[in-house]
Amino acid sequence: MIITSICCLGAGYVGGPTMAMIAAKCPHIQVTVCDMNQARIDAWNSDTLPVYEPGLKEVVESARGKNLHFTTDLKPAIAAADLIFVCVGTPTKSHGIGAGRAADLRYIESAARLIAEVSEGNKIIVEKSTIPVKTATAIQAILTANSTTNATFQVLSNPEFLAEGTAVTDMENPDRILIGGEQTPEGQAALEALVSVYANWVPREKIITTNLWSSELSKLVANAFLAQRISSINSISALCEATGADVDEVARAIGFDSRIGSKFLKASVGFGGSCFQKDILNLVYLCESFNLPEPAAYWRSVVEINDWQKSRFVEKIVRTLFNTVAGKRIAILGFAFKKDTNDTRESAAIHIVRDLVAENAHVVIYDPRVPVETIHRDLLDVGIPQDIINFNVEIAADPYAAVTGAHALATLTEWDEFRTLDLPRIHGLMLKPAFVFDGRAILPADALAKHGFKAFVIGKGE
Ligand code: UDX
Ligand code: UDX
Numbered sequence: 345m346i347i348t349s350i351c352c353l354g355a356g357y358v359g360g361p362t363m364a365m366i367a368a369k370c371p372h373i374q375v376t377v378c379d380m381n382q383a384r385i386d387a388w389n390s391d392t393l394p395v396y397e398p399g400l401k402e403v404v405e406s407a408r409g410k411n412l413h414f415t416t417d418l419k420p421a422i423a424a425a426d427l428i429f430v431c432v433g434t435p436t437k438s439h440g441i442g443a444g445r446a447a448d449l450r451y452i453e454s455a456a457r458l459i460a461e462v463s464e465g466n467k468i469i470v471e472k473s474t475i476p477v478k479t480a481t482a483i484q485a486i487l488t489a490n491s492t493t494n495a496t497f498q499v500l501s502n503p504e505f506l507a508e509g510t511a512v513t514d515m516e517n518p519d520r521i522l523i524g525g526e527q528t529p530e531g532q533a534a535l536e537a538l539v540s541v542y543a544n545w546v547p548r549e550k551i552i553t554t555n556l557w558s559s560e561l562s563k564l565v566a567n568a569f570l571a572q573r574i575s576s577i578n579s580i581s582a583l584c585e586a587t588g589a590d591v592d593e594v595a596r597a598i599g600f601d602s603r604i605g606s607k608f609l610k611a612s613v614g615f616g617g618s619c620f621q622k623d624i625l626n627l628v629y630l631c632e633s634f635n636l637p638e639p640a641a642y643w644r645s646v647v648e649i650n651d652w653q654k655s656r657f658v659e660k661i662v663r664t665l666f667n668t669v670a671g672k673r674i675a676i677l678g679f680a681f682k683k684d685t686n687d688t689r690e691s692a693a694i695h696i697v698r699d700l701v702a703e704n705a706h707v708v709i710y711d712p713r714v715p716v717e718t719i720h721r722d723l724l725d726v727g728i729p730q731d732i733i734n735f736n737v738e739i740a741a742d743p744y745a746a747v748t749g750a751h752a753l754a755t756l757t758e759w760d761e762f763r764t765l766d767l768p769r770i771h772g773l774m775l776k777p778a779f780v781f782d783g784r785a786i787l788p789a790d791a792l793a794k795h796g797f798k799a800f801v802i803g804k805g806e
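Start counting the sequence shown at 345; every next residue gets the next number (the numbering used here).
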């Protein structure tokens, strides 16, 4: 089967960039990205894309209007496609069975119903959204039960491993592409069809094929292992602070062991992002569903350490500022969950600002990419009332405005521009003692001391 037309449902952080890359690398394939959110589609069709990623604009502009299209008109796009990627959200359920842990699959289900309604002939359906194991069976059942034509469907799993901020390079040169399919001749033919799409730019030996369940589970496990490394090093950061060891030195020393490796060992104020917490909770729920309480507890602890890391950072700020932050100005540098993205989902900054505001602090936030509206929405979502936001939360246009008159500053995102701040100028603008809480260990420790700051750095002894 030769693929000439692809449709994608969901134009978010996953669907938009991934389809743009496929279109750019496969000029012979027409790629249509659909979303029910008109504003999001309009943004994809404009000069200001809804997703900020280094290099993404160039990729989109190289193909948009030629073989890359963004639309809210889902039905014709589905009808015309040989292969349909499903990239709609799979948030954690907020109520009912499995609330707080299980994935909410309502968007996946409605996508499957829509595909069944408008499809004719042979279609390949590709799960790209991260989903619990065995979701493919549910999708297949919905497709078959709701098709009114003689359409046939092959469901594949093709999880996305791109990380935000480096999405373009990750997709251009992936560590691997993973595709799971059914162990039937039709399943294997569909799998080969998708392999041939990626083979346009990815070396064949990097394209791994497995059965459906292995592929679905591997995505959850990959994210759980990555997050586990961060919780492991963050647990050690507390021990380093207590003993006078330096967590970056420890990470470097253990990272030289090729069995451990050096990546994902940077201590921080806690991991964020749309995936890690959600996927681990999902894994926990899966373990529980299969009556495996010990593995469930083991993986749950990764999230618990992450929550603890955020709380203890706030506690450190309050205790250091003479046990009260009420009425004090605290400058927050960085609100995104990591550098080089405008995404704030599950960002540690949200929880830290919430807890500081609960202590009646006056918080002044600066982030180079996150819009004011996003910050306000995030704070409302974690329960801070609008009048408190209006009164106690300020957004600054640059780091120097943020620190003016501040009792303390806290770095929460590792933006490169924070590494080269004019420290004497900042010291001059702040109240004394000028307290710094470096939640990413990115500020130059020697220079902080030299310029008279009282600094606490995550994972470093006093
Ligand atoms: C999301 C999930 O977070 C992730 O687990 C999954 O692997 C892929 O989808 P992301 O692309 O980052 O990842 O999410 P988001 O930016 O929210 O994009 C989802 C898009 O789907 C939104 O633009 C939303 O409007 C759209 N959508 C959702 C539909 O078009 N139809 C629906 O029925 C539901
Ligand atoms: C992650 C996975 O890396 C990716 O493969 C998957 O497809 C989606 O989830 P993402 O969430 O975009 O990607 O970013 P990632 O670079 O993994 O960072 C996640 C969080 O961990 C960020 O808050 C980051 O600051 C934090 N982190 C990362 C650390 O605190 N220390 C580290 O050493 C690495």
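All C-beta atoms, glycine included, are put in the ideal place defined by N, C-alpha and C.
By the CB criterion at 8 Å, R673 and H706 fall inside the cutoff. For L522, the closest C-alpha among the options V546, P529 and V512 is that of V546. For C619, the Cβ falls inside the 7 Å cut-off from some heavy atom of ligand 2. Between A754 and G772, the C-beta spacing is not below 8 Å. When distances are taken from the beta-carbon of C431 to the heavy atoms of ligand 1, the shortest one is below 7 Å. When C-beta atoms of the region 630-644 are compared with those of the region 599-611, fewer than three pairs fall below 8 Å, so the two segments do not count as touching. For the pair of segments examined, the region 467-478 was found not to touch the region 653-661: the number of CB pairs separated by less than 8 Å stays below three.
With contacts defined by Cβ atoms closer than 8 Å, E761 and I786 do not form a contacting pair. The closest heavy atom of ligand 2 lies less than 7 Å from the beta carbon of G616.
By the C-beta density criterion, S463 is buried, having at least 16 other C-beta atoms within 10 angstroms. At least one heavy atom of ligand 2 sits closer than 7 Å to the Cβ of K610.
The beta carbon of A533 sits closer than 7 Å to those of M345, all from its chain and outside the five residues before and after it, given in chain order.
Residue state for H706 is assigned as strand, using DSSP reduced to three classes. Inter-segment contact for the region 617-629 and the region 445-457 is present: three or more beta-carbon pairs are separated by less than 8 Å.
In the three-state DSSP reduction, N411 falls in the coil class, being neither helix nor strand. Under the DSSP assignment, A534 falls outside any beta strand (DSSP E), being part of the alpha helix (DSSP H) whose first and last residues are P529 to Y542. Excluding its 5 nearest sequence neighbours in each direction, N704 has C-beta neighbours in its own chain below 6 Å: A670, listed in chain order. Distance from the Cα of T664 is smallest, within the candidate group F781, A692, I728 and L765, for F781.
If you draw a straight line from the Cα of I366 to the Cα of L412, it is about 9 Å long. Taking V404 as the centre and dropping the five residues before and after it, the same chain places the C-beta of A364 closer than 6 Å to its C-beta, in chain order. Bridge partners of V646 according to DSSP: none are assigned.
Closer than 7 Å to some heavy atom of ligand 2: that does not describe the Cβ of N517. A direct Cα-Cα distance of roughly 13 Å separates M515 from V541. For T554, the uninterrupted beta strand (DSSP E) segment begins and ends at I551 to N555.
Between T685 and E504, the gap from beta carbon to beta carbon reaches 8 Å or more. Relative to ligand 2, the nearest heavy atom lies less than 7 Å away from the CB of E508. Shortest gap from the CB of I523 to any heavy atom of ligand 2: 7 Å or more. Linking I802 to E593 through their CA atoms gives a straight-line distance of about 13 Å. Annotation for V404 indicates a beta carbon at 7 Å or more from all heavy atoms of ligand 1. In chain order, Y710 place their CB closer than 7 Å to the CB of D742, counting only its own chain and leaving out the 5 sequence neighbours on each side.
Taking C-alpha positions only, H439 is separated from E690 by approximately 19 Å.
Apart from sequence neighbours up to five positions away, the residues of its chain that approach M774 with a beta-carbon distance below 6 Å are V747 and A750, ordered along the chain. In this structure, ligand 2 has a non-hydrogen atom nearer than 7 Å to the beta-carbon of N567. Assignment of L627 by DSSP, reduced to helix, strand and coil, places it in the helix class.
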